[in-house]
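J.: All letters in the sequence shown, in the order written, are residues 1 to 875 by full-length UniProt numbering.
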Amino acid sequence: MRDADPRFAAPVATNVVVRPRLHERLTEGVAGSCVLIAAPAGWGKTLLVGSWLGGAGRGAGGTAGRDAWVSLGSRDDDLPGFWAAVVDALAPAVGERATAELRSAVAAGDLDHLPAGVAAATAAVEPSVVLVLDNLHEITALAVHESLLRLVQRPPPGLRLVVTTRRDPPWPLNRLRLAGVLTEIRAADLAFGPGEARALLDGLGIDLDDVHVGRLVGRTEGWAAGLRLAALEMQGGVDPAGFVDAFSGDDHAVAAYLLDEVIDRLAPDVLDFLVRVSILDVVSADLADAMTGGRTGASTLAELAASHLFVHAVGSGGRWYRLHRLIADVLRTRITRPRTSRDLHRRAAEWYLHHAMPLEAVRYALRGRLWPLAAEVLGVHLLPLVVRDDPQEIDTLLSAVPREVLLGHPELAAALAGVRSYHASPHDAREMAAAARAGVDSLPPRRATRLRLVLELIDIAARRADGDLTAVAAACRRIPRDPAVLAASGLAGWDLVPMLAASNAGTAEYWTGDLVEAEAHLREADDLDRSGGVLRPHLNAAAHLALLRCEQGDLVAAEDGARSVVDRATTAGWAVSVQVVAAYLTLARVALDRDDRAGTDRWLGQVAEVEAVIPEAHVRLAAAALAALRRADTGDPAGALSGLRSATADLAGRAPPALAAGLGRVEADLLRGLGDLRGAEEVLAGLRGPPTAAHAHALARLRLATGDRVAAAQVLDRFPDDDATVRGLVEGGVLRSLVAWPDEPEAALARLERALRAAAPLAVRRPFLVQASLLRDALGARIEAGSSASAFAVDLLRRMSGGGGGPPATLVEPLTAREQHVLRYLASTLSNTEIASELYLSVNTVKTHQRMVYRKLAAGGRRDAVRRAKELRLL
Numbered sequence: 001m002r003d004a005d006p007r008f009a010a011p012v013a014t015n016v017v018v019r020p021r022l023h024e025r026l027t028e029g030v031a032g033s034c035v036l037i038a039a040p041a042g043w044g045k046t047l048l049v050g051s052w053l054g055g056a057g058r059g060a061g062g063t064a065g066r067d068a069w070v071s072l073g074s075r076d077d078d079l080p081g082f083w084a085a086v087v088d089a090l091a092p093a094v095g096e097r098a099t100a101e102l103r104s105a106v107a108a109g110d111l112d113h114l115p116a117g118v119a120a121a122t123a124a125v126e127p128s129v130v131l132v133l134d135n136l137h138e139i140t141a142l143a144v145h146e147s148l149l150r151l152v153q154r155p156p157p158g159l160r161l162v163v164t165t166r167r168d169p170p171w172p173l174n175r176l177r178l179a180g181v182l183t184e185i186r187a188a189d190l191a192f193g194p195g196e197a198r199a200l201l202d203g204l205g206i207d208l209d210d211v212h213v214g215r216l217v218g219r220t221e222g223w224a225a226g227l228r229l230a231a232l233e234m235q236g237g238v239d240p241a242g243f244v245d246a247f248s249g250d251d252h253a254v255a256a257y258l259l260d261e262v263i264d265r266l267a268p269d270v271l272d273f274l275v276r277v278s279i280l281d282v283v284s285a286d287l288a289d290a291m292t293g294g295r296t297g298a299s300t301l302a303e304l305a306a307s308h309l310f311v312h313a314v315g316s317g318g319r320w321y322r323l324h325r326l327i328a329d330v331l332r333t334r335i336t337r338p339r340t341s342r343d344l345h346r347r348a349a350e351w352y353l354h355h356a357m358p359l360e361a362v363r364y365a366l367r368g369r370l371w372p373l374a375a376e377v378l379g380v381h382l383l384p385l386v387v388r389d390d391p392q393e394i395d396t397l398l399s400a401v402p403r404e405v406l407l408g409h410p411e412l413a414a415a416l417a418g419v420r421s422y423h424a425s426p427h428d429a430r431e432m433a434a435a436a437r438a439g440v441d442s443l444p445p446r447r448a449t450r451l452r453l454v455l456e457l458i459d460i461a462a463r464r465a466d467g468d469l470t471a472v473a474a475a476c477r478r479i480p481r482d483p484a485v486l487a488a489s490g491l492a493g494w495d496l497v498p499m500l501a502a503s504n505a506g507t508a509e510y511w512t513g514d515l516v517e518a519e520a521h522l523r524e525a526d527d528l529d530r531s532g533g534v535l536r537p538h539l540n541a542a543a544h545l546a547l548l549r550c551e552q553g554d555l556v557a558a559e560d561g562a563r564s565v566v567d568r569a570t571t572a573g574w575a576v577s578v579q580v581v582a583a584y585l586t587l588a589r590v591a592l593d594r595d596d597r598a599g600t601d602r603w604l605g606q607v608a609e610v611e612a613v614i615p616e617a618h619v620r621l622a623a624a625a626l627a628a629l630r631r632a633d634t635g636d637p638a639g640a641l642s643g644l645r646s647a648t649a650d651l652a653g654r655a656p657p658a659l660a661a662g663l664g665r666v667e668a669d670l671l672r673g674l675g676d677l678r679g680a681e682e683v684l685a686g687l688r689g690p691p692t693a694a695h696a697h698a699l700a701r702l703r704l705a706t707g708d709r710v711a712a713a714q715v716l717d718r719f720p721d722d723d724a725t726v727r728g729l730v731e732g733g734v735l736r737s738l739v740a741w742p743d744e745p746e747a748a749l750a751r752l753e754r755a756l757r758a759a760a761p762l763a764v765r766r767p768f769l770v771q772a773s774l775l776r777d778a779l780g781a782r783i784e785a786g787s788s789a790s791a792f793a794v795d796l797l798r799r800m801s802g803g804g805g806g807p808p809a810t811l812v813e814p815l816t817a818r819e820q821h822v823l824r825y826l827a828s829t830l831s832n833t834e835i836a837s838e839l840y841l842s843v844n845t846v847k848t849h850q851r852m853v854y855r856k857l858a859a860g861g862r863r864d865a866v867r868r869a870k871e872l873r874l875l
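#1: Compute the Euclidean distance between the alpha carbons of residue 762 and residue 470, then round it to the nearest angstrom.
#2: Could you tell me which uninterrupted alpha helix (DSSP H) segments, each at least 4 residues in length, are contained entirely in the stretch 433 to 494, listed from first to last along the chain?
#3: Quick check: residue 331 and residue 274, are their CB atoms within less than 7 Å of each other?
#4: Report yes or no: do three or more beta-carbon pairs, one from the stretch 110 to 123 and one from the stretch 80 to 87, lie closer than 8 Å?
#5: Would you call the CB atoms of residue 739 and residue 759 closer than 7 Å?
#6: Using the DSSP secondary-structure output, state which residues sit across from residue 67 in a beta bridge.
#7: Tell me whether residue 737 sits in a helix, a strand or coil according to DSSP, three-state version.
#8: Which same chain residues, not among the five before or five after residue 193, have their C-beta less than 8 Å away from its C-beta?
#9: Can you say whether residue 840 is buried or exposed, counting buried as having 16 or more other CB atoms within 10 angstroms of its CB?
#10: DSSP puts residue 321 in a beta bridge; with which residues?
#11: On the premise that residue 550 lies in contact with residue 597, defined as a C-beta separation below 8 Å, what is that separation, rounded to the nearest angstrom?
#12: Measure the CB-CB distance between residue 754 and residue 733 and report whether it falls below 7 Å.
#13: Only counting runs of 4 or more residues, tell me where the alpha helix (DSSP H) segments fall wholly within the stretch 744 to 811, in order along the chain.
#14: Could you check what DSSP says for residue 614 in three-state terms: helix, strand or coil?
#15: Count the other C-beta atoms from every protein chain shown that fall within 10 angstroms of the C-beta of residue 554, then say buried if there are 16 or more, exposed otherwise.
#16: Along the chain, where does the alpha helix (DSSP H) containing residue 276 start, and where does it finish?
#17: Are the stretch 38 to 48 and the stretch 303 to 319 touching, with three or more C-beta to C-beta distances below 8 Å?
#18: Given a threshold of 16 other Cβ atoms within 10 Å of its Cβ, counted over all protein chains shown, does residue 404 qualify as buried or as exposed?
#19: Roughly how many angstroms separate the alpha carbons of residue 614 and residue 646, rounded to a whole number?
#20: In whole angstroms, what is the alpha-carbon distance linking residue 528 and residue 501?
#21: With a 10 Å radius around its C-beta and 16 neighbouring C-beta atoms as the bar for buried, classify residue 219 as buried or exposed.
#22: Which of the three DSSP states is assigned to residue 334 in this structure?
#23: With a threshold of 6 Å, establish whether the CB of residue 54 neighbours any heavy atom of the ligand ADP.
#24: Just grab the DSSP bridge partners of residue 160 for me.
#25: Taking the alpha helix (DSSP H) that residue 665 belongs to, which residues open and close that run?
#26: Under the three-state reduction of DSSP, which class applies to residue 38: helix, strand or coil?
#27: Give me whichever residues DSSP pairs with residue 182 in a beta bridge.
#28: Which parts of the stretch 583 to 655 are runs of the alpha helix (DSSP H), unbroken and 4 residues or longer, counting only runs that do not cross its ends?
#29: Whole angstroms is fine: what's the gap from residue 49's alpha carbon to residue 99's?
#30: Which of the three DSSP states is assigned to residue 165 in this structure?
#31: Measure the beta-carbon distance from residue 450 to residue 401 and round it to whole angstroms, keeping in mind my assumption that it falls under 8 Å.
#32: Leaving out the 5 sequence neighbours to the left and right, which residues in its chain are closer than 7 Å to residue 694 when beta-carbon positions are compared?
#33: Please name the residue, chosen from 490, 507 and 854, that lies closest to residue 468 on a Cα-to-Cα basis.
#34: Helix, strand or coil for residue 357, going by three-state DSSP, please let me know.
#35: Does residue 308 come out as helix, strand or coil in the three-state DSSP assignment?
#36: For residue 551, report the span of its alpha helix (DSSP H) as first-last.
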């Protein structure tokens with residue numbers, strides 16, 4: 001009788017994918033007691049256990065003769081029926097005598113003792129019997145579960161259970177987990193990964209590339225039945241890639257399976273609930289109540305999740321739930337009336353807006369084609385959505401809206417222009433910005449006021465991308481800063497407006513050469529409220545402050561500031577953004593000043609990566625200048641000049657005067673290096689703008705190249721060192737030394753010493769190295785006479801002599817024992833305050849030792865000191 005009953009036979013299927021990771025879970029689980037495999041229909045529960053029992057995943061200890069299988073049904077949903085089925089399944093494993101005794105107990109109604117009887121019958125069986133209870137969800141009688149639970153809680157030595165079910169049994173699962181007698185395998189575990197999906201498709205002879213395999217796995221969420229049904233459809237001669245691109249839950253085979261196995265079995269009220277929430281990506285109890293107009297959202301969602309009806313909790317709090325993508329597709333096809341669809345999407349949008357989630361409100365308003373609602377929400381919330389959230393998400397949403405709709409709703413057009421101005425290409429935003437301006441007067445007054453302010457900010461971004469930085473500065477001055485005025489506009493995130501204005505004003509002023517105003521505005525933007533976290537305007541301001549420090553020659557502060565920006569931007573996922581590019585420029589110039597050619601190349605590569613996505617004329621020009629200087633430093637001034645002219649040919653007219661002057665000075669230096677002194681003279685003579693120390697230094701270098709030291713001295717006297725920046729002090733000191741050398745050796749060496757003292761703590765090398773042919777003798781004399789920066793001076797002389805960038809083999813001035821002790825702590829992550837505490841010193845004393853270590857190692861900072869100490873094997 002039993003042998004002819006398929007209920008007691010494990011399933012046999014072809015093209016079963018062997019899944020070692022799950023087989024191992026099963027093998028480990030049955031060693032404890034019970035394995036519970038709980039997932040909705042079609043997740044491969046039964047086939048998984050069948051393939052494992054068939055030997056694909058079991059070791060030598062598991063033999064088919066010791067396996068017992070019963071596929072449960074409604075006739076087993078009482079104590080006599082259930083235990084009769086279990087006894088029949090166990091019969092081959094426990095022998096005739098034990099089977100007869102157990103059947104007698106069932107027949108006599110002695111059901112309370114059956115769990116103990118089964119335990120006794122299997123106690124002597126070697127190896128243990130694995131009893132598979134397939135489809136336990138068919139058993140609803142609590143008495144059966146209570147009886148079975150006795151075997152689960154007190155596992156007999158000769159019996160192990162494997163249970164498959166579509167819903168969790170009414171067992172004390174937490175208690176069983178704590179007791180260590182339960183192993184669980186759920187839908188997330190059963191989900192096919194790309195590799196397993198590839199094995200399934202290969203087994204069916206379907207050739208699909210990796211991209212489309214991944215796409216299919218994503219759309220099915222690894223659901224085994226969905227994958228297999230899709231594979232069978234693809235065997236019918238359709239183009240596999242095209243099929244995957246169009247695949248969804250309303251595919252005929254998938255829809256038919258879900259209707260038969262899931263949807264048609266639901267109670268009408270549950271089905272209506274699921275249809276109404278099917279338009280949502282995720283749903284909470286409150287949101288479900290808003291969608292249905294009821295009050296049972298919490299209990300219904302919890303019950304659906306526990307029943308594994310393709311609804312599962314997401315996140316750790318258990319507040320949110322999600323429908324499986326394919327079943328949501330099928331359910332949405334039941335929403336046939338456009339009015340119903342609009343009503344549901346409006347309910348969702350309004351719920352999210354009421355709960356301070358405007359991005360989601362926009363999402364559902366757009367999905368429901370509720371254009372006026374989406375426009376009004378974006379008109380209020382665009383600024384924080386772009387600056388604080390993810391502008392790419394808004395771009396994606398609005399890109400799906402018909403063009404004529406965007407052009408007909410000024411706030412929608414402005415929103416798309418805004419996000420593209422901020423994160424992509426401002427040039428793509430012009431048409432939308434123009435449409436928004438054309439329609440602004442059609443809006444109610446308060447909405448029009450908000451939109452005009454947003455359009456001013458968009459205009460700033462567009463002009464910055466064009467390189468019209470004078471216009472950027474002017475536009476920033478027009479932006480209102482009064483909190484009362486901004487708050488009255490009703491614009492959400494109005495506090496971001498002063499930050500954006502200050503950050504962009506400082507940027508424009510830096511590039512136009514107004515460094516005093518630039519520093520004031522950049523500091524203002526960098527210091528503004530960070531309670532909501534560090535935002536892109538903060539990073540833009542900090543990056544340009546670092547660039548300003550680099551311009552002044554403070555390479556340590558510049559590098560620290562730029563690296564901080566890069567680290568924060570990378571953590572936030574903003575590494576390739578216009579707000580960070582100034583940090584990359586800073587690090588490239590720091591590396592160039594320190595004669596670190598690999599570092600220069602690395603950071604210029606980062607600049608190029610940003611510029612390929614979001615080009616800005618002034619950034620491209622500055623990068624081209626650095627690249628030319630880098631190439632010239634390797635001995636190729638001709639190639640550097642050609643590259644500079646090629647890179648700037650189509651942009652030179654868009655450079656602000658200060659940047660144009662800087663490019664001219666670079667070109668003049670390259671011509672001087674080529675021996676074209678007349679050409680260099682013409683370039684410098686053609687530069688416009690107020691006189692600067694940088695221009696005087698370029699002219700002095702040219703005069704020295706012609707041998708006219710008197711003319712060089714006259715040029716330098718116009719800019720004395722008293723008020724100079726570090727860069728001005730170093731460059732001017734080197735040039736003044738050359739003016740005096742060799743006729744006035746004492747004056748020359750004194751000036752050189754002053755330049756060395758200023759440069760050594762910061763490792764500013766390039767001003768010395770570019771004058772190597774003229775400076776070498778004076779530098780040697782300075783070292784021979786003694787210097788407070790002797791290690792740095794020796795390092796420079798080695799580089800001038802082709803000795804490379806390595807440190808000297810030994811220190812000219814050895815470290816003291818206390819300095820060596822401090823150096824070891826500098827290699828740690830401790831702060832100066834923590835080091836002082838460890839050494840029982842004051843913080844000022846630690847800083848004094850730190851400065852001496854930096855000077856003796858010719859290091860530009862803590863990181864540089866540690867690196868040099870390791871090269872010298874001091875660490």
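All C-beta atoms, glycine included, are put in the ideal place defined by N, C-alpha and C.
T.: Well, looking at it:
#1: Approximately 33 Å, taken between the alpha carbons.
#2: Under the rule that a run must span 4 or more residues, the alpha helix (DSSP H) segments found entirely inside the stretch 433 to 494 read 445 to 466, 469 to 478 and 483 to 488.
#3: Cβ atoms of residue 331 and residue 274: closer than 7 Å.
#4: Counting Cβ pairs under 8 Å, three or more are found: they touch.
#5: Not in contact: residue 739 and residue 759 (Cβ atoms no closer than 7 Å).
#6: BP columns for residue 67 point to 130.
#7: Under the three-state reduction of DSSP output, residue 737 falls in the helix class.
#8: Only residues of its own chain outside the window of five on either side were considered, and among them 217 and 222 have a CB closer than 8 Å to the CB of residue 193, listed in chain order.
#9: Burial is judged here by how many other beta carbons sit within 10 angstroms of a residue's own beta carbon; residue 840 has fewer than 16 and is exposed.
#10: Within the DSSP bridge table, the entry for residue 321 names 283 and 313 as partners.
#11: Wrong, their Cβ atoms sit about 17 Å apart, outside the cutoff.
#12: Yes, Cβ-Cβ distance for residue 754 and residue 733 is below 7 Å.
#13: Inside the stretch 744 to 811, DSSP marks whole alpha helix (DSSP H) runs of 4 or more residues at positions 745 to 759, 766 to 769, 772 to 785 and 790 to 800, from first to last along the chain.
#14: Here residue 614 sits in coil by DSSP.
#15: Residue 554 should be labelled buried.
#16: Residues 268 to 277.
#17: When Cβ pairs closer than 8 Å are counted between the two stretches, the stretch 38 to 48 is seen to touch the stretch 303 to 319, the count reaching three or more.
#18: With fewer than 16 other Cβ atoms within 10 Å, it is exposed.
#19: Distance between the alpha carbons of residue 614 and residue 646 is about 20 Å.
#20: Approximately 12 Å between the Cα atoms of the pair.
#21: Here residue 219 is buried: its Cβ has 16 or more other Cβ atoms, across all protein chains shown, within 10 Å.
#22: If DSSP states are grouped into helix, strand and coil, residue 334 belongs with coil.
#23: Annotation note on the ligand ADP: not contained in the displayed structure, which lists no ligands.
#24: Per DSSP, 130.
#25: For residue 665, the enclosing alpha helix (DSSP H) stretches over residues 657 to 673.
#26: Residue 38 carries a strand assignment under DSSP once its states are collapsed to helix, strand and coil.
#27: Answer by DSSP bridge pairing, in chain order: 34.
#28: Every alpha helix (DSSP H) of 4 residues or more that sits fully in the stretch 583 to 655 is shown, in chain order, as 597 to 613, 617 to 633 and 637 to 648.
#29: Those two C-alpha atoms are separated by around 25 Å.
#30: Residue state for residue 165 is assigned as strand, using DSSP reduced to three classes.
#31: That pair is no contact at about 20 Å.
#32: Around residue 694: 665.
#33: Ranking the options by Cα distance to residue 468, first place goes to 507.
#34: Coil, per DSSP.
#35: The answer is coil: DSSP assigns residue 308 none of H, G, I, E or B.
#36: Boundaries of the alpha helix (DSSP H) around residue 551: 536 to 552.
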